[in-house]
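According to this note's numbering, the sequence shown is numbered sequentially starting from 140. Glycine included, each C-beta is placed from N, C-alpha and C at the ideal position. Every value quoted in this text rests on a predicted model; they were computed, and no experiment measured them.
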Amino acid sequence: MEFYSRRARSITPYTAGEQPKSGIYVKLNTNENPYPPSPRVAEAIASFPCENLRRYPNPDADDLRDAIARVEGVSRENVFVSNGSDEALALAFAAFFDDERAACFADVTYSFYEVFAAMFGVKTHVVPLQEDFALDLAAMREAECGGYFIANPNAPTGIVVPAGEMEQFIASVPQKLVVLDEAYTDFSGETCAPLIQKYPNLLVIKTFSKSHSLAGIRCGYAVGAPALIGGLMRMKNSFNSYPVDAVCAAACAASLADTEYHDRTVRLVVEERERLRRALEGLGMTVLPSGSNFLFAGRAAVPAGEIYARLKEEGVLVRYWNRPRISDFCRITVGTPQDDDILLEKLKKILS
Ligand code: PMP
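Listed below in structure tokens is the structure:
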């Protein structure tokens, strides 16, 4: 502690969801995909020429940038690749915001934003969600700031702003940067990534962790105008020149190539989300509308902290935050139908 900088002493780090060591839990707490990655990922890793590992990887992971560019319908200059999308988000705070140019975000959203802001000494402007947990885009538009971090679908609520409405917002703030965190967008089908061609103030950030089932490999990316990608590159090259290793780049490119598998597993998760929603509502729970791979649910009569604790005793992990406005809800990741049936059985017992 005596050696800590002032920043290290004062910062409150982000708390990730528990990763229990024992296998007894049905793990529905960190929005991981319940299905394994595409078999092509295993093939790419198995056939990776290990002798190449003595060399540094391509610093910008250009082959993977090209693969992403093809999928997103943009060019390599529009793509930046990072070690998890968390890293792209962090570098966006560092590249585009500071103590004078404030970053605006919602009071209830991905809680890493406030940590990144503190880490890089960025001024913040927090706008409360509306009563029904919808984003207050009208209030955000008026905020005095240099730009926005918007998770769409939002986390932990799962609520989606349709792409058309988001475009109106982006078009209405041409002098401000809009960073859209689309970590869960494949489960909503409402991506704004194609709009980067039209709006130089739009940066869209995506991840391989959720719909590609690759949380363990740590890869994310940003798409935007070349000037924005250049800003991220400046920061990356001032911190870690090689954030994406060669095995990771090959695995992610293989996953992108298997669109059939990707779309099929996404469809399974979305169908199961709707089944789980109906079942939770059947147990008398309030469930927010979700376009993601998780549901935010609670029941007024039973404290959500108690639901979380009792489920944990029963071997089922969900996520709970004892924070203003959201302490009546648990965030439940959509699992396999088998996992979700165990959750539902335990919940039935706890709620009765
Ligand atoms: N954005 C949101 C909204 C998230 O929930 C997460 C996952 N914790 C991330 C970004 C980061 O994901 P990753 O670093 O695994 O790409």
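Under the assumption that residue 383 contacts residue 203 (Cβ atoms under 8 angstroms), give the Cβ distance between them as a whole number of angstroms.
-> The residue given as residue 383 occupies position 244 in the sequence shown. The residue given as residue 203 occupies position 64 in the sequence shown. Indeed they touch by this definition, with Cβ atoms about 7 angstroms apart.
Inter-residue Cα distance where the pair is residue 475 and residue 324 = To locate residue 475, count along the sequence shown from 1; it is residue 336. To locate residue 324, count along the sequence shown from 1; it is residue 185. Distance between the alpha carbons of residue 475 and residue 324: 20 angstroms.
Is residue 154 near the ligand PMP, going by C-beta to nearest heavy atom under 7 angstroms?
-> On the sequence shown, position 15 is the one that residue 154 refers to. Checking every heavy atom of the ligand PMP against the Cβ of residue 154, none is found closer than 7 angstroms.
For residue 485, which of helix, strand or coil comes out of DSSP?
-> Translated into positions along the sequence shown, residue 485 becomes position 346. DSSP places residue 485 in helix when its eight states are reduced to three.
Report whether the distance from the Cβ of residue 332 to the nearest heavy atom of the ligand PMP is below 7 angstroms.
-> Sequence index remark: in the sequence shown, residue 332 carries index 193 (1-based). Checking every heavy atom of the ligand PMP against the Cβ of residue 332, none is found closer than 7 angstroms.
Would you kindly work out how many angstroms separate the C-alpha atoms of residue 386 and residue 213, rounded to a whole number?
-> In the sequence shown, the residue the question calls residue 386 occupies position 247. In the sequence shown, the residue the question calls residue 213 occupies position 74. Rounded to whole angstroms, the gap between the alpha carbons of residue 386 and residue 213 is 24 angstroms.
Go to residue 375, then tell me how far its alpha helix (DSSP H) extends in each direction, as first and last residue.
-> What you label residue 375 is simply residue 236 of the sequence shown in a count that begins at 1. For residue 375, the enclosing alpha helix (DSSP H) stretches over residues 365-375.
Chain-order list of residues whose beta-carbon lies under 7 angstroms from that of residue 313 (same chain, five-residue window excluded) | Here residue 313 is taken as the residue at index 174 of the sequence shown, counted from 1. Only 340 meet the Cβ criterion.
Going straight from the alpha carbon of residue 468 to that of residue 436, what length do you get?
-> Taking the sequence shown and counting its residues from 1, the one referred to as residue 468 is at position 329. Taking the sequence shown and counting its residues from 1, the one referred to as residue 436 is at position 297. One C-alpha to the other measures close to 5 angstroms.
Which class does residue 472 belong to by DSSP, given the choice of helix, strand or coil?
-> To locate residue 472, count along the sequence shown from 1; it is residue 333. Reduced to three states, the DSSP call for residue 472 is strand.
Indicate the three-state DSSP secondary structure (helix, strand or coil) for residue 398 in the structure shown.
-> For the purposes of this step, residue 398 is taken as the residue at position 259 of the sequence shown. Helix at residue 398.
Write down the C-beta distance between residue 107 and residue 167 rounded to the nearest angstrom, noting that I regard them as a contact closer than 8 angstroms.
-> Given a span of 140 to 491 for the chain in the structure shown, any question on residue 107 remains unanswerable.
Helix, strand or coil: which one does DSSP assign to residue 458?
-> The residue labelled residue 458 in the question sits at position 319 within the sequence shown. Three-state result, residue 458: strand.
Of all the CB atoms in chain D, is at least one closer than 8 angstroms to the CB of residue 159?
-> In the structure shown, chain D does not exist; there is a single protein chain.
Going by the CB atoms, is the gap between residue 279 and residue 291 shorter than 8 angstroms?
-> For this step, residue 291 is matched to residue 152 along the sequence shown. For this step, residue 279 is matched to residue 140 along the sequence shown. Contact: no.
Roughly how many angstroms separate the alpha carbons of residue 150 and residue 232, rounded to a whole number?
-> Within the sequence shown, numbered from 1, the residue matching residue 150 stands at position 11. Within the sequence shown, numbered from 1, the residue matching residue 232 stands at position 93. Answer to the nearest angstrom: the Cα atoms are 16 angstroms apart.
Per DSSP, the bridge partner or partners of residue 264 = As a first step, residue 264 must be located in the sequence shown, where it is residue number 125. Paired residues: 243.
Hey, would you say residue 227 sits closer than 8 angstroms to residue 359, going by beta carbons?
-> As a first step, residue 227 is located in the sequence shown; it is residue number 88 there, counting from the start. As a first step, residue 359 is located in the sequence shown; it is residue number 220 there, counting from the start. The answer is yes: Cβ separation under 8 angstroms.
Nearest CA to the CA of residue 395: which residue from 407, 417, 353 and 421?
-> As a first step, residue 395 must be located in the sequence shown, where it is residue number 256. It is 353.
Same chain, Cβ closer than 6 angstroms to residue 458, neighbours up to 5 away in sequence not counted = Here the question's residue 458 lines up with position 319 in the sequence shown. Cβ neighbours of residue 458 beyond the five flanking positions: 156, 168 and 470.
CA nearest to the CA of residue 310, picked from 427, 380 and 286 = Residue mapping note: residue 310 aligns to position 171 of the sequence shown, counting from 1. When each option's Cα is compared against that of residue 310, the closest is 286.
Just curious, the alpha helix (DSSP H) that residue 447 is in, first and last residue?
-> Residue 447 sits at position 308 when you count from the first residue of the sequence shown. 443-452 is the extent of the alpha helix (DSSP H) around residue 447.
Report the rounded CA-to-CA distance for residue 485 versus residue 465, giving the unit in angstroms.
-> In the sequence shown, residue 485 corresponds to position 346, counting from 1. In the sequence shown, residue 465 corresponds to position 326, counting from 1. The alpha-carbon atoms of residue 485 and residue 465 are separated by roughly 22 angstroms.
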